[in-house]
Amino acid sequence: MSAATAEAACSVKRIAELPVTMHGMSPMVPAEINGTKVNFVLDSGAFFSIISIARAKELKLPLNPTAFNFRLEGVGGDAESYITTVKTFTLAETPLPNIPFLVASATGGDSAGLLGQNVLGLGDVEYDLPHGAVRLYKPEGCGGFAMAYWAKDRHYSEISIRPPEERNRHTLGEVFINGKRVIATFDTGAYSSVLSRSAAARAGIDVKAPNVTAIGTAGGVGGRRVQAWIAPVESFKIGDEEIRNTKLKVADLAIDTDMLLGADFFIAHRVYVSNSQRKLYFTYEGGPVFNLKSEAFERQADDSLKPTTVAPKNDEEPKDADAYARRGAARQTRQDLDGALADLDRAVELAPPEARYYLLRARVHAAKHQAFLAMADLDQALKLKPDDVETLLERSAYKLGGADPIGALVDLDAAAKAAPKESDFQLQIGGLYSRLEKFDRAVSAFDQWLAVHDDDAHAATALNGRCWARAQLGQGLDRALGDCNRAIAREPKMSVFLDSRGLVQLRRGDNAAAIADYDAALALKPKIGWSLLGRGLAKLRTGRSIEAKADIDAALTINPQLKDQALKRGIAKPGEL
Numbered sequence: 008m009s010a011a012t013a014e015a016a017c018s019v020k021r022i023a024e025l026p027v028t029m030h031g032m033s034p035m036v037p038a039e040i041n042g043t044k045v046n047f048v049l050d051s052g053a054f055f056s057i058i059s060i061a062r063a064k065e066l067k068l069p070l071n072p073t074a075f076n077f078r079l080e081g082v083g084g085d086a087e088s089y090i091t092t093v094k095t096f097t098l099a100e101t102p103l104p105n106i107p108f109l110v111a112s113a114t115g116g117d118s119a120g121l122l123g124q125n126v127l128g129l130g131d132v133e134y135d136l137p138h139g140a141v142r143l144y145k146p147e148g149c150g151g152f153a154m155a156y157w158a159k160d161r162h163y164s165e166i167s168i169r170p171p172e173e174r175n176r177h178t179l180g181e182v183f184i185n186g187k188r189v190i191a192t193f194d195t196g197a198y199s200s201v202l203s204r205s206a207a208a209r210a211g212i213d214v215k216a217p218n219v220t221a222i223g224t225a226g227g228v229g230g231r232r233v234q235a236w237i238a239p240v241e242s243f244k245i246g247d248e249e250i251r252n253t254k255l256k257v258a259d260l261a262i263d264t265d266m267l268l269g270a271d272f273f274i275a276h277r278v279y280v281s282n283s284q285r286k287l288y289f290t291y292e293g294g295p296v297f298n299l300k301s302e303a304f305e306r307q308a309d310d311s312l313k314p315t316t317v318a319p320k321n322d323e324e325p326k327d328a329d330a331y332a333r334r335g336a337a338r339q340t341r342q343d344l345d346g347a348l349a350d351l352d353r354a355v356e357l358a359p360p361e362a363r364y365y366l367l368r369a370r371v372h373a374a375k376h377q378a379f380l381a382m383a384d385l386d387q388a389l390k391l392k393p394d395d396v397e398t399l400l401e402r403s404a405y406k407l408g409g410a411d412p413i414g415a416l417v418d419l420d421a422a423a424k425a426a427p428k429e430s431d432f433q434l435q436i437g438g439l440y441s442r443l444e445k446f447d448r449a450v451s452a453f454d455q456w457l458a459v460h461d462d463d464a465h466a467a468t469a470l471n472g473r474c475w476a477r478a479q480l481g482q483g484l485d486r487a488l489g490d491c492n493r494a495i496a497r498e499p500k501m502s503v504f505l506d507s508r509g510l511v512q513l514r515r516g517d518n519a520a521a522i523a524d525y526d527a528a529l530a531l532k533p534k535i536g537w538s539l540l541g542r543g544l545a546k547l548r549t550g551r552s553i554e555a556k557a558d559i560d561a562a563l564t565i566n567p568q569l570k571d572q573a574l575k576r577g578i579a580k581p582g583e584l
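In my numbering, the protein residues as written are 8 to 584.
As structure tokens, then:
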């Protein structure tokens with residue numbers, strides 16, 4: 008701590024330092040469950056730590072009912088939950104015996120789950136995502152001291168936070184949108200900051216206004232997805248930090264606060280939550296403040312903000328390879344690709360046998376459009392760790408994008424063999440098999456994923472993927488129709504879901520239903536090649552030959568390969584195209 012806070016009146020004991028590696032907008036913390044290495048999403052918005060149902064089954068953890076059939080609430084509604092006890096949970100190299108966890112779906116990609124407030128709220132907590140760390144502290148006698156010890160002679164901001172409640176242990180504080188007070192939850196588990204539609208309305212933001220852009224849906228815990236928009240905001244103010252003329256995500260949130268300040272806010276700031284003082288201290292560290300195509304900001308002398316992507320200078324330098332790698336991943340998330348590459352070069356130099364550093368560096372090379380270097384790093388990562396599912400999937404996708412479908416399939420088959428059947432990777436595996444036209448394998452992967460993720464926010468995507476794969480095969484069409492119906496019930500305005508059901512109806516010979524679905528899909532997105540082709544075939548089979556020719560010609564103009572694909576799979580008959 009600083010010299011002031013080191014005085015006898017104030018003592019601060021560091022309980023633990025947790026290493027954090029950013030994966031996109033997800034802050035990941037390593038841990039062990041009964042000796043098995045796993046990653047958790049650092050989620051200050053979770054009131055309790057959670058293990059995903061899929062990972063609990065994979066690790067053979069007991070699933071016990073919760074009291075009163077408790078259901079876990081989130082952005083996407085609620086989800087069934089259980090409780091389990093981990094005999095040995097290892098965090099920051101410290102084994103902790105008999106630790107309870109909730110068990111639920113939709114807990115952050117292929118992580119084991121979420122690390123929540125029952126851990127993060129033990130004392131004070133410092134979220135230093137820009138440097139790849141979270142630190143837990145136990146202060147004593149520090150009521151009169153500012154806890155932003157790292158700021159030194161730099162400006163820092165502070166706000167008051169609400170005292171925790173028995174059922175709400177989240178970090179809550181006031182921010183101002185267009186001058187209107189809203190209550191924000193500081194939520195590292197949210198990919199991006201988001202304002203509730205009701206709070207947006209209070210701030211004078213109308214989601215139906217012409218300058219607001221609909222961006223589809225968003226989801227979290229619970230299978231339901233909610234409508235979302237990007238809206239211009241005249242002013243976002245927290246403490247004495249103000250961002251003017253920016254943009255924010257707005258959504259129909261089912262939460263008990265007005266806003267989530269997500270990982271995008273945290274990756275641009277260093278934040279100290281003083282639960283003991285009921286205050287939050289923060290400094291701007293560089294990069295975009297919100298995860299949108301908006302400006303990044305840094306403080307000027309007059310306390311306004313100006314666009315920049317340059318972080319303030321910081322005297323702290325990483326002490327080892329892993330710290331360089333974590334800072335490199337954070338810099339990539341902040342869109343500082345040159346800084347990220349320099350850090351990851353240093354990590355590889357210090358620890359060349361560590362496969363993970365090559366994977367992280369490959370992502371930076373890919374972001375810089377350095378395809379050869381990205382592939383070289385993926386190759387080296389797999390040379391060091393041949394059965395790593397994440398790296399195999401990334402190289403498969405990279406080869407597919409680089410017109411190497413044979414190589415992509417080899418990697419994908421290896422990933423499918425190595426991935427546990429309950430793994431969240433099965434969703435990605437199913438999607439890649441579909442892209443490679445291996446639809447029978449895609450159905451199998453979607454089967455395995457849906458068996459344990461029915462409440463997941465991505466369940467509609469998986470249902471549609473399985474529907475589409477079966478429709479392409481022309482097999483199991485009644486089951487395919489059921490999948491598409493369930494997907495559309497969850498997200499009625501997804502053009503690709505309607506397109507998939509249109510193909511199922513075309514395969515089943517219900518041309519009128521096919522035309523209706525294709526009409527609805529094309530009304531949402533007018534240039535879907537498969538929808539135009541399918542509608543053209545349905546019209547042709549109902550005697551509307553002139554309209555059919557117009558649709559088919561338009562489809563083949565968009566994608567000439569559709570003709571061969573439709574004939575090869577028996578979707579079109581010889582002579583129809």
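Backbone N, C-alpha and C define an ideal beta-carbon position, used for all residues, glycine too.
Computed from a predicted model, the values in this text were never measured in an experiment.
Nearest neighbour of Ala358, chosen from Ala336, Tyr331, Ile90 [CA to CA]: Start at 1 with the first residue of the sequence shown, and residue 358 comes out as number 351. Selected option, being the one with the closest Cα: Tyr331.
Going by the CB atoms, is the gap between Met266 and Val219 shorter than 8 Å? For the purposes of this step, residue 219 is identified with residue 212 of the sequence shown, where counting begins at 1. For the purposes of this step, residue 266 is identified with residue 259 of the sequence shown, where counting begins at 1. No, the pair does not count as a contact, with Cβ atoms beyond the cut-off.
Same chain only: Cβ atoms within 6 Å of Asn566, ignoring 5 sequence neighbours per side: Within the sequence shown, the letter at position 559 stands for residue 566. So the qualifying residues of the chain are Gly536.
Rounded to a whole number of angstroms, what is the C-alpha to C-alpha distance between Lys546 and Thr91? If you number the sequence shown from 1, residue 546 lands on position 539. If you number the sequence shown from 1, residue 91 lands on position 84. Looking at the two C-alpha atoms, the distance is approximately 56 Å.
So Glu429 and Glu65 are in contact, right, with Cβ under 8 Å, and what is the actual spacing, rounded? Locating residue 429 in the sequence shown gives position 422, counting from the first residue. Locating residue 65 in the sequence shown gives position 58, counting from the first residue. Confirmed, Cβ separation roughly 5 Å.
At 4 residues or longer, what runs of the alpha helix (DSSP H) sit wholly inside the stretch 342-374? Segments of the alpha helix (DSSP H) lying fully in the stretch 342-374: 344-357, 362-374.
Suppose contacts are defined by Cβ-Cβ distances below 8 Å. Is Leu136 in contact with Phe273 by that definition? In the sequence shown, the residue the question calls residue 136 occupies position 129. In the sequence shown, the residue the question calls residue 273 occupies position 266. Yes.
Here's the rule I'm using: 16 or more other beta-carbon atoms within 10 Å means buried, otherwise exposed. How should Thr195 be labelled? By one-based count along the sequence shown, residue 195 stands at place 188. By the neighbour-count criterion, in which 16 or more other beta carbons inside 10 Å mark a residue as buried, Thr195 falls on the buried side.
Please report the residue range of the beta strand (DSSP E) in which Arg508 lies. Mapped onto the sequence shown, residue 508 falls at position 501. Not the beta strand (DSSP E): Arg508 falls in the alpha helix (DSSP H), residues 502-514.
Please check the pair Ala191 and Ala225, which I expect to be a contact at CB under 8 Å, by giving their CB distance rounded to whole angstroms. Here residue 191 refers to the residue found at position 184 when the sequence shown is read from its first residue. Here residue 225 refers to the residue found at position 218 when the sequence shown is read from its first residue. Their Cβ separation, rounded to whole angstroms, is 17 Å, which puts Ala191 and Ala225 out of contact at 8 Å.
Based on Cα-Cα distance, which residue from Pro217, Ala336, Lys500, Glu165 lies nearest to Leu287? Taking the first residue of the sequence shown as position 1, residue 287 is located at position 280. Ranking the options by Cα distance to Leu287, first place goes to Glu165.
Using 7 Å as the cut-off, classify the Cβ of Asn71 as near or not near the heavy atoms of the ligand PLP, replying yes or no. You won't find the ligand PLP in this model; it holds no ligand whatsoever.
Output the residue ranges of the beta strand (DSSP E) runs that lie fully inside the stretch 188-276 and measure 3 residues or longer, sorted by chain position. 201-203, 220-225, 233-245, 248-258, 266-268
Is DSSP giving Glu292 helix, strand or coil here? Counting from 1 along the sequence shown, the entry for residue 292 is found at position 285. Coil at Glu292, not helix or strand.
I'd like the list of long-range same chain contacts for Ile22, defined as Cβ closer than 7 Å, with 5 residues on each side in sequence excluded. Counting from one through the sequence shown, the residue named residue 22 turns up at place 15. Cβ neighbours of Ile22 beyond the five flanking positions: Leu129, Gly130, Leu143, Tyr144, Lys145.
Residue burial classification, Arg188 (beta-carbon count within 10 angstroms, cutoff 16): The sequence position of residue 188 within the sequence shown is 181, counting from 1. Exposed, since its Cβ has fewer than 16 Cβ neighbours within 10 Å.
Name the two residues that bound the continuous alpha helix (DSSP H) containing Thr340. Position 333 of the sequence shown, counted from the start, is the residue given in the question as residue 340. Per DSSP, Thr340 belongs to the alpha helix (DSSP H) from 328-340.
Rounded C-beta distance between Val278 and Phe289? I'm assuming under 8 Å. On the sequence shown, position 271 is the one that residue 278 refers to. On the sequence shown, position 282 is the one that residue 289 refers to. Right, the Cβ-Cβ distance comes to about 5 Å (below 8 Å), so this counts as a contact.
Between which residues of its own chain and Ala378 is the CB-CB distance below 7 Å, once the five residues before and five after are set aside? Translated into the one-based positions of the sequence shown, residue 378 becomes position 371. Result list for Ala378: Gly409, in chain order.
Okay, do the stretch 492-504 and the stretch 477-484 touch, 3+ Cβ pairs below 8 Å being the bar? no
Verify whether the separation of the beta carbon atoms of Leu68 and Val36 is less than 8 Å. Locating residue 68 in the sequence shown gives position 61, counting from the first residue. Locating residue 36 in the sequence shown gives position 29, counting from the first residue. The answer is no: Cβ separation not under 8 Å.
Along the beta strand (DSSP E) that carries Ser167, what are the first and last residues, could you check? If you number the sequence shown from 1, residue 167 lands on position 160. Element bounds for Ser167: 164-167.
Based on DSSP bridge pairs, tell me the residues matched to Pro146. Within the sequence shown, residue 146 is the residue found at index 139, counting from 1. The secondary-structure analysis by DSSP pairs Pro146 across a beta bridge with Val19.
Beta-bridge pairing of Met32 - partner residues as DSSP gives them: Stepping through the sequence shown from its first residue, residue 32 is reached at position 25. Residue pairing by DSSP places Met32 opposite no residue, since no beta bridge is assigned to it.
Answer with buried or exposed for Ala527, where buried requires no fewer than 16 other C-beta atoms within 10 angstroms of its C-beta. Start at 1 with the first residue of the sequence shown, and residue 527 comes out as number 520. The residue is buried, with at least 16 neighbouring Cβ atoms inside 10 Å.
Could you pull out every residue in the same chain whose Cβ sits closer than 7 Å to the Cβ of Ser118, ignoring the five residues on either side in sequence? By 1-based counting over the sequence shown, the position of residue 118 is 111. Closer than 7 Å at Cβ, skipping near neighbours: Met35, Asn46, Phe47, Val48.
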